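Read top to bottom, the protein sequences are chains A and B. Going by the working numbering, the first residue of the first sequence is number 49, and it counts up by one from there. Going by the working numbering, the first residue of the second sequence is number 49, and it counts up by one from there. Down below is the structure, laid out as structure tokens.
Number of protein chains: 2
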Amino acid sequence: MSIPTDIDTPEILVDVDVLDRNIERMAHAVQAKGLALRPHAKTHKIPEVAARQLAAGAAGLTVATIGEGEVFAAGGVDNIFIAYPLWLSVQKVERLRRLAETAVISVGVDSAAGAAMLGKSLGAAASDITVLVEIDSGHHRSGVLPEAAATVARAAAGAGLRVGGVFTFPGHSYAPGMPAEAAAQEQAALKEAAGVLAGAGFETAVRSGGSTPTALLTQGSAATEVRPGVYVFGDAQQFELGRCALEDIALTVAATVVSHHGTPAGTPARFILDAGSKILGSDRPFWATGYGRLIDHADARITALSEHHATVEWNDGAPPPPLGTRLRVIPNHVCLAVNLVDEVAVVRQGRLVDRWTVAARGKNK
Amino acid sequence: MSIPTDIDTPEILVDVDVLDRNIERMAHAVQAKGLALRPHAKTHKIPEVAARQLAAGAAGLTVATIGEGEVFAAGGVDNIFIAYPLWLSVQKVERLRRLAETAVISVGVDSAAGAAMLGKSLGAAASDITVLVEIDSGHHRSGVLPEAAATVARAAAGAGLRVGGVFTFPGHSYAPGMPAEAAAQEQAALKEAAGVLAGAGFETAVRSGGSTPTALLTQGSAATEVRPGVYVFGDAQQFELGRCALEDIALTVAATVVSHHGTPAGTPARFILDAGSKILGSDRPFWATGYGRLIDHADARITALSEHHATVEWNDGAPPPPLGTRLRVIPNHVCLAVNLVDEVAVVRQGRLVDRWTVAARGKNK
Chain A
49 MSIPTDIDTP
59 EILVDVDVLD
69 RNIERMAHAV
79 QAKGLALRPH
89 AKTHKIPEVA
99 ARQLAAGAAG
109 LTVATIGEGE
119 VFAAGGVDNI
129 FIAYPLWLSV
139 QKVERLRRLA
149 ETAVISVGVD
159 SAAGAAMLGK
169 SLGAAASDIT
179 VLVEIDSGHH
189 RSGVLPEAAA
199 TVARAAAGAG
209 LRVGGVFTFP
219 GHSYAPGMPA
229 EAAAQEQAAL
239 KEAAGVLAGA
249 GFETAVRSGG
259 STPTALLTQG
269 SAATEVRPGV
279 YVFGDAQQFE
289 LGRCALEDIA
299 LTVAATVVSH
309 HGTPAGTPAR
319 FILDAGSKIL
329 GSDRPFWATG
339 YGRLIDHADA
349 RITALSEHHA
359 TVEWNDGAPP
369 PPLGTRLRVI
379 PNHVCLAVNL
389 VDEVAVVRQG
399 RLVDRWTVAA
409 RGKNK
Chain B
49 MSIPTDIDTP
59 EILVDVDVLD
69 RNIERMAHAV
79 QAKGLALRPH
89 AKTHKIPEVA
99 ARQLAAGAAG
109 LTVATIGEGE
119 VFAAGGVDNI
129 FIAYPLWLSV
139 QKVERLRRLA
149 ETAVISVGVD
159 SAAGAAMLGK
169 SLGAAASDIT
179 VLVEIDSGHH
189 RSGVLPEAAA
199 TVARAAAGAG
209 LRVGGVFTFP
219 GHSYAPGMPA
229 EAAAQEQAAL
239 KEAAGVLAGA
249 GFETAVRSGG
259 STPTALLTQG
269 SAATEVRPGV
279 YVFGDAQQFE
289 LGRCALEDIA
299 LTVAATVVSH
309 HGTPAGTPAR
319 FILDAGSKIL
329 GSDRPFWATG
339 YGRLIDHADA
349 RITALSEHHA
359 TVEWNDGAPP
369 PPLGTRLRVI
379 PNHVCLAVNL
389 VDEVAVVRQG
399 RLVDRWTVAA
409 RGKNK
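Following this line, the structure appears as structure tokens:
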């Protein structure tokens, strides 16, 4: 795809045909496994993308914050899971109550103290909220071990909340060779935790897992739903992990070559693109080959990133592109890139066809 | 400073007393050296902060993009340097022309082709724009070697642009032990490049250098002005480089402990804060001790960062803070943190006194 002439750089482009194909493919694959799909909307933060996911059969959305939930509920989404162990400030109590009046809301909990606080803060509104107990399946971030699930559930029920089941995020799947192992741990943890909850007399109708790397490895016996996010756009991390192909990349950053840098004879040419960390994001896991990839130049590497400069090392053999050349960059972690812009340019077959507002950008609270 | 009770988390706090002291201190130190101060506004992107810098004697502002220039010019700033080798798209040509009608504008160039393109694109408006030739003083990003300065200047003059001098960014100063060496290289490069330009009959009235690590090491003989940015707020990078003290940190992110994580006996406790990479930014240079610092807990380390989770390793000896505790985090790289929010909370002696809009947030073009 060439960059439309009416696009200035740097700018985020979303190829809507690729996006739709990604959405359909995940929807069908998950449906074929008998699982529900509840995509994580923190990746895109865009109501138009959420609408496409729901039209393709998603059972609801996942979000990370009350603020993201507010944006999507205002856009008509009526079933939202806040996959986060909320600790409610006075401001958040009121907002969560109001949100629960407009949509079916479930929330993560991962401690007895957190569950008690959530229920007590909400008062009579607690019975409107379903909680899912967060399980640590090996990522070692938030979540409790499966054997502790009943303790958290008891505190939640004691505080007037409905217990709906368990969830986990296998974040350790984002590393080379890890998706299969992480998916197996995820399934084992969900199964064990659900057993613990059921043994204590609790509901386990929801057993939710699934990152983009593990969603298609998830088995229906342990889980009931998956929550992948990145699959809609793909990114350089997923590509380098082998979880998407180049033709599945729906989001790129249009950039211009603004500077050439002399290099010693026999070393790769270097040049600067006008897309830096303020549009690409600066996540770089240790195993990544650089700070993003050039979609049309497999051998180029982004070896350094400043706020408005990407330093490209050109290993292409051919002479480097002249100043003014426009190239497309795949961000390492697409969730961060989208969160840096107010809108994205929607393109189809190389033409600008629409602009979508990133309505939930910056909704950290 | 405690976190005001009317602040929800995560939220960026700016302590205005510390901010004002930082602004005054840099203004006086630079003035005492006989240098002009042209602060880089990409750090704060806030007109109220720019107004304070100008009131303290700044000669004008530095920005990275035309969009940042537009915001500050609209706020009444009348002298702006775009420290970037712009390659003008059709959209940018018109915007730069209009900007030059409202403020005195100078722009970076670092190639003969770029200078020729800039002058040709601007047409008659070229004579309204002063260019400074960017010199590579060791950072090896953009910029030419000092001996090539005259070639770029000739192309600029030939294209109708005014040549005003030279500038450099010693970005390699952002590493342990590097500020003094980088400052020396910066001075040598500015001096040599100015000599080359003068020898070719060009103006060298502006010889501009100075990052926050090197600004106070800059000597008046080689440079005429410095362009530090981060000094207004400070950040964990500058603190760990020894370029600011904890009491100079004017910007922190208020966060809440939302989850505790069990750890094996004898290992540090771990907990999760609700401030992740979507408010702290995810820059982490290899020499940093973590993804930011806790301002009141010198021994704690942020060992992992997700979009909405910071994993804190608690090496304090004392028991970890209970769920719901509010703590302040110093971002590693403050320029990225500010760019993630629509407004900052302005505090004085622990009270919320104002909110400032981050008016130039996201102005990447």
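Glycine included, every Cβ here is placed at the ideal spot set by N, Cα and C. These numbers were taken from a predicted model, which means no experiment stands behind them.
**Request:** Return helix, strand or coil for residue 163 of chain B, following the three-state DSSP convention.
**Result:** Stepping through the second sequence from its first residue, residue 163 of chain B is reached at position 115. The answer is helix: DSSP assigns residue 163 of chain B an H, G or I state.
**Message:** By the DSSP assignment, the alpha helix (DSSP H) with residue 409 of chain A in it spans what residues?
**Reply:** On the first sequence, residue 409 of chain A is found 361 positions in, with the first residue counted as 1. Unbroken run through residue 409 of chain A: none, as it is neither H nor E.
**Asked** Can you name the residues of chain B whose CB is closer than 7 angstroms to the CB of residue 161 of chain A?
**Response** Taking the first sequence and counting its residues from 1, the one referred to as residue 161 of chain A is at position 113. Residues of chain B passing the Cβ test: 371.
**Message:** If I measure Cβ to Cβ from residue 352 of chain B and keep anything under 7 angstroms in the same chain, skipping five residues before and after, which residues do I get?
**Reply:** Residue 352 of chain B sits at position 304 when you count from the first residue of the second sequence. If we look at residue 352 of chain B and ignore the five residues flanking it on each side, its Cβ neighbours are 359.
**Asked** Roughly how many whole angstroms lie between the Cα atoms of residue 170 of chain A and residue 283 of chain A?
**Response** The residue given as residue 170 of chain A occupies position 122 in the first sequence. The residue given as residue 283 of chain A occupies position 235 in the first sequence. Taking the straight line from one Cα to the other gives about 39 angstroms.
**Message:** Could you tell me the alpha carbon to alpha carbon distance between residue 56 of chain A and residue 124 of chain A, rounded to whole angstroms?
**Reply:** Position 8 of the first sequence, counted from the first residue, corresponds to residue 56 of chain A. Position 76 of the first sequence, counted from the first residue, corresponds to residue 124 of chain A. Taking the straight line joining both Cα atoms gives about 32 angstroms.
**Message:** As a quick exercise: from B/378, B/182, B/226 and B/387, pick the residue whose alpha carbon is nearest that of residue 303 of chain B.
**Reply:** Stepping through the second sequence from its first residue, residue 303 of chain B is reached at position 255. It is B/378.
**Item:** Touching by the beta-carbon criterion (3+ pairs, under 8 angstroms), the segment 386-406 of chain A and the segment 325-336 of chain A
**Value:** yes
**Asked** By Cβ distance below 8 angstroms, which residues in the same chain neighbour residue 413 of chain B in space, the five residues on each side in sequence not counted?
**Response** Working through the second sequence from its first residue, we reach residue 413 of chain B at position 365. Excluding positions up to five away in sequence, the list reads 113, 114, 115, 139 and 140.
**Item:** Buried or exposed (CB count within 10 angstroms, at least 16 for buried), residue 108 of chain B
**Value:** Here the question's residue 108 of chain B lines up with position 60 in the second sequence. Classification of residue 108 of chain B: buried, given that the 10 Å Cβ count is 16 or more.
**Prompt:** When the Cα atoms are used, what is the spatial distance from residue 281 of chain A to residue 273 of chain B?
**Reply:** What you label residue 281 of chain A is simply residue 233 of the first sequence in a count that begins at 1. What you label residue 273 of chain B is simply residue 225 of the second sequence in a count that begins at 1. Looking at the two C-alpha atoms, the distance is approximately 45 angstroms.
**Message:** Across the segment 233-242 of chain B and the segment 53-69 of chain B, are there enough close Cβ pairs to call them in contact, namely three or more that are closer than 8 angstroms?
**Reply:** no
**Item:** Buried or exposed by the 16-neighbour rule on C-beta atoms within 10 Å, applied to residue 295 of chain B
**Value:** In the second sequence, residue 295 of chain B corresponds to position 247, counting from 1. The residue in question, residue 295 of chain B, is exposed, as its Cβ has fewer than 16 Cβ neighbours within 10 Å.
**Message:** Would residue 249 of chain B and residue 271 of chain B be called neighbours here (beta carbons separated by less than 9 angstroms)?
**Reply:** Along the second sequence, read from residue 1 onward, the residue named residue 249 of chain B stands at position 201. Along the second sequence, read from residue 1 onward, the residue named residue 271 of chain B stands at position 223. No, these two residues do not count as a Cβ contact at 9 angstroms.
**Message:** Give me the residue from B/168, B/146 and B/132 with the minimum Cα distance to residue 158 of chain B.
**Reply:** Numbered from 1 along the second sequence, position 110 holds the residue referred to as residue 158 of chain B. Cα-wise, what sits closest to residue 158 of chain B is B/132.
**Request:** Jot down the residue ranges of each uninterrupted alpha helix (DSSP H) in the segment 57-131 of chain B, minimum 4 residues, whole runs only, in chain order.
**Result:** 64-80, 95-103 and 114-122
**Message:** I'd like to confirm the pairing. Which residues does DSSP put opposite residue 216 of chain A in its beta bridges?
**Reply:** By one-based count along the first sequence, residue 216 of chain A stands at place 168. Answer is A/183.
**Message:** Which runs of the alpha helix (DSSP H) at least 4 residues long sit entirely within the segment 266-317 of chain A? Give them in chain order.
**Reply:** 284-288
**Residue-chain proximity (residue 219 of chain A, chain B), Cβ-Cβ < 9 angstroms** = Numbered from 1 along the first sequence, position 171 holds the residue referred to as residue 219 of chain A. By this cut-off, residue 219 of chain A is an interface position.
**Prompt:** Name the chain A residues whose beta carbon is nearer than 7 angstroms to that of residue 389 of chain B?
**Reply:** Stepping through the second sequence from its first residue, residue 389 of chain B is reached at position 341. Near residue 389 of chain B (Cβ distances below 7 angstroms), the residues of chain A are 410.
**Inter-stretch contact (C-beta, 8 angstroms, three-pair minimum) for the segment 148-166 of chain A and the segment 206-218 of chain A** = yes
**Prompt:** Out of curiosity, what's the CA-to-CA distance linking residue 195 of chain A and residue 184 of chain A?
**Reply:** Within the first sequence, the letter at position 147 stands for residue 195 of chain A. Within the first sequence, the letter at position 136 stands for residue 184 of chain A. Those two C-alpha atoms are separated by around 11 angstroms.
**Asked** For residue 214 of chain A versus residue 197 of chain A, is the C-beta spacing smaller than 9 angstroms?
**Response** Residue 214 of chain A sits at position 166 when you count from the first residue of the first sequence. Residue 197 of chain A sits at position 149 when you count from the first residue of the first sequence. Closer than 9 angstroms, so yes.
**Request:** Report yes or no: is there a C-beta of chain B within less than 9 angstroms of the C-beta of residue 74 of chain A?
**Result:** In the first sequence, the residue the question calls residue 74 of chain A occupies position 26. Chain B, which has no Cβ nearer than 9 angstroms to the Cβ of residue 74 of chain A, makes this no.
**Asked** Alpha carbon to alpha carbon, how far is residue 147 of chain B from residue 106 of chain B?
**Response** Walking along the second sequence from the start, residue 147 of chain B turns up at place 99. Walking along the second sequence from the start, residue 106 of chain B turns up at place 58. The alpha-carbon atoms of residue 147 of chain B and residue 106 of chain B are separated by roughly 20 angstroms.
**Message:** If distances are taken between C-alpha atoms only, which option among A/222, A/333 and A/127 comes closest to residue 177 of chain A?
**Reply:** In the first sequence, the residue the question calls residue 177 of chain A occupies position 129. The candidate whose alpha carbon is nearest that of residue 177 of chain A is A/127.
**Request:** Report all residues from its chain with a CB closer than 7 angstroms to the CB of residue 384 of chain B; omit the five preceding and five following residues, and keep chain order.
**Result:** Position 336 of the second sequence, counting from 1, holds the residue named residue 384 of chain B. Closer than 7 angstroms at the Cβ level, and outside the excluded window around residue 384 of chain B, lie 329 and 331.
**Prompt:** Taking 9 angstroms as the CB-CB cut-off, is residue 140 of chain A touching chain B?
**Reply:** Mapped onto the first sequence, residue 140 of chain A falls at position 92. With 9 angstroms as the cut-off, residue 140 of chain A counts as an interface residue toward chain B.
**Asked** How would you label residue 286 of chain B, buried or exposed, when you count the other beta carbons within 10 angstroms and need 16 or more for buried?
**Response** Sequence index remark: in the second sequence, residue 286 of chain B carries index 238 (1-based). Burial state of residue 286 of chain B is buried, judged by a 10 Å Cβ sphere holding 16 or more other Cβ atoms.
**Message:** Taking its Cβ as the centre, do 16 or more other Cβ atoms sit within 10 Å of residue 348 of chain B, making it buried, or is it exposed?
**Reply:** Position 300 of the second sequence, counted from the first residue, corresponds to residue 348 of chain B. Its Cβ being crowded by 16 or more others within 10 Å, residue 348 of chain B is buried.
**Request:** Could you say which of A/143, A/264 and A/190 lies nearest to residue 83 of chain A if we only look at CA atoms?
**Result:** Here residue 83 of chain A refers to the residue found at position 35 when the first sequence is read from its first residue. Taking only the C-alpha atoms, the option nearest residue 83 of chain A is A/264.
**Request:** Apply the 10 Å Cβ neighbour rule to residue 217 of chain A and answer buried if 16 or more other Cβ atoms are within range, or exposed otherwise.
**Result:** Locating residue 217 of chain A in the first sequence gives position 169, counting from the first residue. It counts as buried.
**Interface residues of the segment 323-342 of chain B facing chain A [CB-CB below 9 angstroms]** = 323, 324, 325, 326, 327, 329, 330, 331 and 332
**Request:** Return the bridge partner residues of residue 257 of chain A from the DSSP annotation.
**Result:** For the purposes of this step, residue 257 of chain A is taken as the residue at position 209 of the first sequence. Paired residues: A/274.
**Message:** I want to know whether the segment 73-82 of chain B touches the segment 399-411 of chain B - three or more CB-CB distances under 8 angstroms.
**Reply:** no
**Message:** Can you tell me whether residue 170 of chain A is helix, strand or coil according to DSSP?
**Reply:** As a first step, residue 170 of chain A must be located in the first sequence, where it is residue number 122. Helix, per DSSP.
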